[in-house]
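Trainee: The structure is given below, and queries will be raised subsequently.
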Amino acid sequence: MVVQHNMQAINTNRMLGQNVKAVAKSTEKLSSGYRVNRAADDAAGLSISEKMRNQIRGINQAVSNSEDGVSLIQTAEGNMNEIHSILQRMGELANKAANDVNSDDERTSIKNEMDELIAEIDSISAKAEFNGTKLLNGDYTGKYLQVGANSGENMLISIAEMSAGTLGVDGVTVDSHANASAAMSTITQAIKDVSAARSLLGAKQNRLGYTINNLENYSENLTSSESTIRDTDMAAEMTNYTKTSILQQAAQSMLAQANQSTQGVLSLIQ
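Per the working numbering, the sequence shown starts with residue 71, numbered consecutively.
Spelled out as structure tokens, the structure:
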């Protein structure tokens, strides 16, 4: 029996210290939900996880950007739909004016309504906007939507001007059969032009829909992969916590036993 160095107590105390640290680390993982809380836990894993997180955030923002793009297109297309309806009405009026049974008063009424409709087309073209950006006045050309997490992952959008002048209907007259017939042809072409512009926007909107679906799937899969690296396996960690807690308690008991062995020496010299 030695009293200067109680090796049994020293070894037991060392094991107790290790178990205390293991319990603390396990508690941290369980309480935080993360297997990797700092670089020391897994340097490589932390680096990969942070890169994935940056990518995930970029992807999620790209989804938001794409959804904004859909809203912008829907706004532009909705205004084009109104212009379409106006042109349809103008076509009806031109057709009516081409009928030579109309009186002068009727032609005047037709002209007045036609002028108001032309003015409304210009009003819609000038006022249509999304988030403060004009859409149908010819300024929204060569614009990009950032639809990916990385540089260069974008989509080009251009929206045609929808003013009466651009559509060619600002100068139509219906004061005679010949002019009304010419107006019918001009209006028909304008309707085709608006239809073509709406078709292009519809194609862009459909593409954005597929882009959003793809980005959401990518984000989900990347999040799952990042979770595998970073997150705590709760079942496995709870098992580890239970084990290390038992070992800690056992070490505490054994340390008490080891210290008691020195008490026997004291009893001999009393």
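Think of the CB as a built atom: it goes at the ideal place given N, C-alpha and C, for glycine as much as any other residue. Since this is a predicted model, take the numbers as computed values, not measurements.
Classify G218 as buried or exposed, calling it buried when 16 or more other Cβ atoms lie within 10 Å of its own Cβ.
Mentor: Flag for G218 reads buried.
Trainee: Please state whether the Cβ-Cβ distance between A189 and A250 is less than 8 Å.
Mentor: In this structure, A250 does not lie closer than 8 Å to A189 by Cβ.
Trainee: Would DSSP call E231 helix, strand or coil?
Mentor: Coil at E231, not helix or strand.
Trainee: Does T203 come out as helix, strand or coil in the three-state DSSP assignment?
Mentor: Strand at T203.
Trainee: Does DSSP put Y214 in a helix, a strand or coil?
Mentor: Here Y214 sits in strand by DSSP.
Trainee: Leaving aside the five residues before and after A198 along the sequence, list all residues of the same chain whose C-beta is less than 6 Å from its C-beta, in chain order.
Mentor: Cβ within range, chain order: N149, L205 and L206.
Trainee: Going by the beta-carbon positions, is the gap between I227 and V133 smaller than 8 Å?
Mentor: No, Cβ-Cβ distance for I227 and V133 is not below 8 Å.
Trainee: Output needed for I120: all residues of its chain with C-beta closer than 6 Å, excluding positions within five of it in sequence on either side, in chain order.
Mentor: This sequence places Glu at residue 120; Ile is not what is there. Nothing meets the Cβ criterion.
Trainee: According to the Cβ coordinates, are I153 and V264 closer than 8 Å?
Mentor: In this structure, V264 lies closer than 8 Å to I153 by Cβ.
Trainee: Let me check understanding here. Comparing Cα to Cα, which of A248, G139 and E186 lies closest to R159?
Mentor: Residue E186 is the option with its Cα nearest to R159.
Trainee: Tell me whether the segment 123-131 and the segment 277-294 touch, counting them as touching only if at least three CB pairs, one residue from each stretch, are closer than 8 Å.
Mentor: Yes, they touch.
Trainee: N224 by DSSP, collapsed to three states: which one?
Mentor: DSSP places N224 in strand when its eight states are reduced to three.
Trainee: Distance check for I143 and M225, CA to CA, integer angstroms please.
Mentor: Computed Cα separation, rounded: 13 Å.
Trainee: What are the start and end residues of the alpha helix (DSSP H) that includes T243?
Mentor: Note, T243: premise wrong, no alpha helix (DSSP H); not H, not E.
Trainee: For N169, does the three-state DSSP call read helix, strand or coil?
Mentor: The answer is coil: DSSP assigns N169 none of H, G, I, E or B.
Trainee: Could you check the C-alpha separation between A262 and S136 for me, to the nearest Å?
Mentor: In the sequence as presented, Ala is not what sits at residue 262; that position holds Lys. If I take the Cα positions, the gap works out to 28 Å.
Trainee: In terms of alpha-carbon separation, which member of L215, I299, N169 and A252 lies closest to K274?
Mentor: It is L215 whose Cα lies nearest to the Cα of K274.
Trainee: Since L270 and G139 are thought to touch, with beta carbons under 8 Å apart, how far apart are those beta carbons, to the nearest angstrom?
Mentor: The pair is not a contact, with the Cβ atoms about 14 Å apart (cut-off 8 Å).
Trainee: Please look up how many angstroms separate the CB atoms of I191 and S233, rounded, as I've assumed it's under 8 Å.
Mentor: Contact holds; Cβ gap of about 7 Å.
Trainee: Please work out which residues of its chain come closer than 6 Å, Cβ to Cβ, to F200, disregarding the five sequence neighbours upstream and downstream, and give them in chain order.
Mentor: Closer than 6 Å at the Cβ level, and outside the excluded window around F200, lie L142 and T145.
Trainee: Since G161 and T236 should fall inside the 8 Å C-beta cutoff, what is the C-beta to C-beta distance between them, to a whole number of angstroms?
Mentor: The pair is not a contact, with the Cβ atoms about 18 Å apart (cut-off 8 Å).
Trainee: List in chain order: all unbroken alpha helix (DSSP H) runs of 4+ residues lying wholly within the segment 133-182.
Mentor: Fully enclosed alpha helix (DSSP H) runs of 4 or longer: not present.
Trainee: Go through its chain and collect everything with a Cβ distance to N130's Cβ below 7 Å, but skip five positions before and after it.
Mentor: The answer, listed in chain order, is S289.
Trainee: Within a Cβ cutoff of 7 Å, which residues of the same chain sit near K181, ignoring the five residues on either side of it in sequence?
Mentor: Excluding positions up to five away in sequence, the list reads V244 and D245.
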